[in-house]
Each structure stands twice: as C-alpha cells, then as structure tokens.
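So the structure is just underneath, and the comments pick up after that.
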C-alpha cells in the first residue's frame, strides 16, 4: 500500500500510535538520514583518496594526519549508525518499529522524533543504564 504524506505532516499524539501515516513518516525520515550519511561517507572517501599528505612542514603534516584520523573515526561512527538505521527500517517492515524491545510498550512519539533509531522506551532505557552503572561499579 502506497502512502503519500503531506509535505508538512508531523506525527501527533492525537493519532493512533504507529498508524500507516506515522510509519511512513519514520520510514522516509530514516531513509533520508541513511542517504545523507552515505553521501557524507562518499565525500570522505573522495577526499582521502586524493593523494598522500604533501605538507613539507612536520607540524602541518601532523595536523593533516590528525584531521584525517578524526574524519575516519567520524565515518566509523556513521557506519555504525547506518547499521542501526537499517535495523530500524527492518523493524518497520516487520511491524515492530516504535515498540520497546523489552516490554512491547510504545516507545512514544517524542522519543522517536528525538531518536528515530530508539529500541527501548525511556523507562526501559533508564533501567538498562542503571544496570550498566551497577555492573561497572562492581
């Protein structure tokens, strides 16, 4: 079923949670985010493949190497984020997107708007973080 969204559509608490319009909104948002990350990564690859570091001054060379290392770390984070976006898109396909993986309860629109790749409700995420702190302190 093809759903067309109005250009100014935003999910609302007044609607049924994860109705077809909301699902399509998040699908499109996730796909755009993924596309943007891939475009940035392609730009990074192009700039890194332009050649070696040609700076004659050792300080300038070190600065360029540091910038490249930072860019590679940023791209690695983006690669991991693309994986999470892909998982969210897969949850949309299976009909589980927007629902907490631990409790099955709705994650909530505000949380999904802030973090569309969220897999846990705020309560479950807080519980998870408390458990991590306890294990880290042991």
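Numbering (this note's numbering), first residue to last: 44 to 181. Backbone N, C-alpha and C fix where the C-beta goes; we use that ideal spot for every residue, glycine too. Computed from a predicted structure; not experimentally measured.
**Study point:** As assigned by DSSP and simplified to three states, the class of residue 69
**Key:** helix
Exercise for review: Give me the Cα-Cα distance between residue 48 and residue 68, rounded to the nearest whole angstrom.
Suggested key: 7 Å
Exercise for review: Using 10 angstroms around the beta-carbon of residue 138, count the other beta-carbons present and answer buried if the total reaches 16, otherwise exposed.
Suggested key: exposed
Practice item. Mind checking which residues open and close the alpha helix (DSSP H) that includes residue 167? Key: 165-180
Review point. Which one or two residues does DSSP pair with residue 142 in a beta bridge?
Key: 149
Point to revise | Touch test, the region 152-169 against the region 126-133, Cβ-Cβ under 8 Å, three pairs minimum | key: yes
**Study point:** Rounded straight-line distance, which links the Cα of residue 99 to that of residue 79
**Key:** 35 Å
Review point. So, helix, strand or coil for residue 115, using DSSP?
Key: helix
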